[in-house]
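Chains as they are written, first to last, in my numbering: chain A, 348 to 581; chain B, 311 to 744.
What follows is the structure, encoded as structure tokens:
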């Protein structure tokens with residue numbers, strides 16, 4: 348797919364999800380990246396982040412839900428989350444290699460592990476913080492546990508869950524860059540190469556490209572989170 | 311006769327890990343302090359029994375921590391009772407399986423919460439239809455029912471708004487609509503109006519009364535406010551420390567407080583705005599039909615205690631008064647009508663004492679109290695009014711007694727007590743069953 352088409356598509360998505368301001372900002376940012384000749388690595392990074400995030404959410408959200416509904420699960424999961432978040436991120440690269448070898452698969456694996464804690468934690472927190480009175484109200488009207496989850500708990504926890512998704516994407520992006528050490532392609536590799544050659548110029552170029560990608564992802568997901576919040580007062 | 315919808319028997323709720331043990335100790339008559347010490351539990355309910363009749367508003371009253379909200383939640387098992395039995399329409403609630411309980415809650419109960427508990431992410435209409443939604447009622451049908459309920463509580467036109475766009479009073483109307491929309495005919499209302507400011511609260515109380523007259527739901531209303539309880543006009547279950555201290559209609563509680571706790575509770579209530587003339591009226595002396603002769607009535611008059619007697623017409627309406635002495639002194643063949651000394655002012659028995667005070671002060675002989683059709687019920691004198699106001703209720707007790715015997719059937723909504731006085735209410739006045 349030629350870059351202009353991709354840019355148009357991404358800008359349209361950003362515009363739709365987050366409004367005109369962020370749509371235009373994305374347009375400028377993406378054109379700039381194209382101009383820097385970093386288009387291909389940017390797309391590689393974006394794909395890695397997207398894959399890793401989807402995997403992290405697919406595993407993390409259910410774990411978060413279980414943790415919220417069952418105290419024992421939460422007590423088991425919680426220390427693991429603490430550990431996962433305090434462990435230096437480089438460490439995750441090591442066990443990935445023997446399993447998946449050097450390359451993008453290992454990178455995605457390490458990224459998933461590293462970026463999962465926020466979405467687990469915030470999903471659980473969002474559900475646990477649904478006011479007891481609302482849970483009582485749903486019980487009083489004869490809500491089954493599944494109905495309670497899908498009609499009450501998840502919708503009310505959605506803003507918090509969205510904040511968790513945002514965090515996960517941001518952590519995923521930072522990890523994808525680090526994972527270039529084990530052969531992930533993309534902008535991380537540009538940075539890694541610049542370090543090896545002591546080439547400050549191209550290092551900054553790649554760095555700025557990462558910042559632009561991060562800002563776009565962050566703003567779009569934040570706008571989605573804001574949309575999930577209940578309607579404000581007129 | 312009235313049907314008992316909800317029957318609560320010896321319900322115990324202990325919060326704590328050794329709840330069953332604690333309940334067993336309580337049942338064996340171990341003192342509360344000792345139970346608490348031995349098991350480390352907290353006694354939420356120490357054995358409460360009462361029943362709710364079809365179509366009545368039962369107010370469960372007490373200060374915070376008295377167990378009233380716990381009691382309410384035990385009825386639909388939002389809180390699991392530790393021991394005891396609760397039946398709703400003959401079904402034992404405490405042994406229902408989770409699935410049965412779910413169905414039972416859907417069919418039987420609508421609940422209204424103190425802080426409204428509306429879902430902030432749903433519009434008013436979506437909130438109101440929630441109960442139907444979980445019952446998987448068809449979308450168009452549930453929306454139609456929701457809109458009907460919304461109109462019923464006076465929120466027409468607000469259905470597309472979100473709860474936080476509404477004032478507290480309106481939010482609670484929506485909460486009420488949500489409970490009404492499910493067509494469950496038992497309403498559980500947990501301090502439903504306590505979070506509203508006083509004027510709105512009074513409006514809502516009045517409106518609940520109006521709704522109730524049309525809908526005839528069975529309502530269990532939890533409140534900490536005696537004024538509110540009296541205003542709602544139903545029976546009151548007074549709780550303290552997880553026990554029921556007294557059960558009865560407001561007048562019964564005001565006039566015969568079961569103990570010092572209840573007495574302190576009712577101390578600041580204006581008796582004259584609660585007690586009705588029908589209740590207060592003395593039936594000690596017979597009315598004298600005007601067409602009868604003195605001879606026919608001499609014995610009855612001689613036995614009468616009141617110095618002034620009321621003369622009634624053929625339709626038993628008061629037409630005047632005559633002193634006892636005059637009747638006793640008259641010739642046996644004289645007609646009562648010829649002895650009438652003065653007119654006697656009348657007062658409607660369903661009105662409260664307060665409304666008749668001015669009239670009473672102008673007529674030392676007293677007032678003839680009538681029922682809704684103008685028929686004579688009894689007399690109220692200044693002495694009786696004073697006695698009632700000052701709480702020296704010896705005379706009133708007698709009045710209450712005689713009233714139970716010749717059940718006065720007033721047609722006013724304020725006069726539930728007449729129908730109840732004959733049906734003994736379980737648990738009343740049970741000071742301490744354990």
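Backbone N, C-alpha and C define an ideal beta-carbon position, used for all residues, glycine too.
Please confirm whether residue i and residue j have their CB atoms less than 7 Å apart.
i: residue 379 (chain B); j: residue 555 (chain B); result: no
i: residue 471 (chain B); j: residue 434 (chain B); result: yes
i: residue 677 (chain B); j: residue 581 (chain B); result: no
i: residue 361 (chain A); j: residue 567 (chain A); result: yes
i: residue 687 (chain B); j: residue 591 (chain B); result: yes
i: residue 368 (chain B); j: residue 545 (chain B); result: yes
i: residue 525 (chain B); j: residue 421 (chain B); result: no
i: residue 355 (chain B); j: residue 321 (chain B); result: yes
i: residue 400 (chain A); j: residue 515 (chain A); result: yes
i: residue 373 (chain A); j: residue 394 (chain A); result: no
i: residue 539 (chain B); j: residue 600 (chain B); result: no
i: residue 536 (chain B); j: residue 579 (chain B); result: yes
When burial is assigned at 16 or more other CB atoms within 10 Å of the CB, is residue i buried or exposed?
i: residue 371 (chain A); result: exposed
i: residue 460 (chain B); result: buried
i: residue 485 (chain A); result: buried
i: residue 494 (chain A); result: buried
i: residue 351 (chain A); result: exposed
i: residue 468 (chain A); result: buried
i: residue 690 (chain B); result: buried
i: residue 324 (chain B); result: buried
i: residue 442 (chain A); result: exposed
i: residue 415 (chain B); result: buried
i: residue 407 (chain A); result: buried
i: residue 488 (chain B); result: buried
DSSP three-state label for residue i, please.
i: residue 348 (chain A); result: coil
i: residue 717 (chain B); result: Reliability of the predicted coordinates at residue 717 (chain B) is poor, the pLDDT of 40 falling under 50, and the value obtained from them is presented with this limitation in mind. Residue 717 (chain B) falls in the coil class under three-state DSSP.
i: residue 568 (chain B); result: coil
i: residue 321 (chain B); result: strand
i: residue 434 (chain A); result: coil
i: residue 415 (chain B); result: helix
i: residue 604 (chain B); result: helix
i: residue 662 (chain B); result: strand
i: residue 619 (chain B); result: strand
i: residue 354 (chain B); result: strand
i: residue 575 (chain B); result: helix
i: residue 629 (chain B); result: strand
i: residue 686 (chain B); result: strand
i: residue 446 (chain A); result: helix
i: residue 474 (chain B); result: helix
i: residue 543 (chain B); result: coil
i: residue 556 (chain B); result: strand
i: residue 430 (chain B); result: coil
i: residue 306 (chain B); result: Because chain B spans 311 through 744 in this model, residue 306 (chain B) falls outside it and cannot be assessed.
i: residue 595 (chain B); result: coil
i: residue 359 (chain B); result: strand
i: residue 531 (chain B); result: strand
i: residue 420 (chain B); result: strand
i: residue 326 (chain B); result: coil
Just checking my contact of residue i with residue j at CB under 8 Å: how many whole Å lie between their CB atoms?
i: residue 679 (chain B); j: residue 657 (chain B); result: 6 Å
i: residue 461 (chain A); j: residue 425 (chain A); result: 17 Å between Cβ atoms; not a contact.
i: residue 535 (chain A); j: residue 527 (chain A); result: 3 Å
i: residue 485 (chain B); j: residue 428 (chain B); result: 6 Å
i: residue 568 (chain B); j: residue 596 (chain B); result: Actually they are not in contact, since the Cβ atoms of residue 568 (chain B) and residue 596 (chain B) sit about 33 Å apart, beyond 8 Å.
Please report how far the alpha carbon of residue i lies from the alpha carbon of residue j, in whole angstroms.
i: residue 392 (chain B); j: residue 507 (chain B); result: 36 Å
i: residue 574 (chain B); j: residue 565 (chain B); result: 12 Å
i: residue 402 (chain B); j: residue 530 (chain B); result: 18 Å
i: residue 316 (chain B); j: residue 357 (chain B); result: 16 Å
i: residue 475 (chain A); j: residue 501 (chain B); result: 25 Å
i: residue 369 (chain A); j: residue 504 (chain A); result: 25 Å
i: residue 381 (chain A); j: residue 456 (chain B); result: 55 Å
i: residue 563 (chain A); j: residue 473 (chain A); result: 25 Å
i: residue 661 (chain B); j: residue 336 (chain B); result: 45 Å
i: residue 421 (chain A); j: residue 557 (chain B); result: 46 Å
i: residue 386 (chain A); j: residue 555 (chain A); result: 13 Å
i: residue 506 (chain A); j: residue 498 (chain A); result: 15 Å
i: residue 672 (chain B); j: residue 652 (chain B); result: 14 Å
i: residue 527 (chain B); j: residue 448 (chain B); result: 25 Å
i: residue 426 (chain B); j: residue 443 (chain B); result: 19 Å
Chain C partners of residue i, CB-CB under 9 Å?
i: residue 413 (chain B); result: The chain inventory of the structure shown lacks chain C, comprising the protein chains A and B.
Would you say the beta carbon of residue i comes nearer than 6 Å to a heavy atom of the ligand FAD?
i: residue 377 (chain B); result: The ligand FAD is not part of this structure, which contains no ligands at all.
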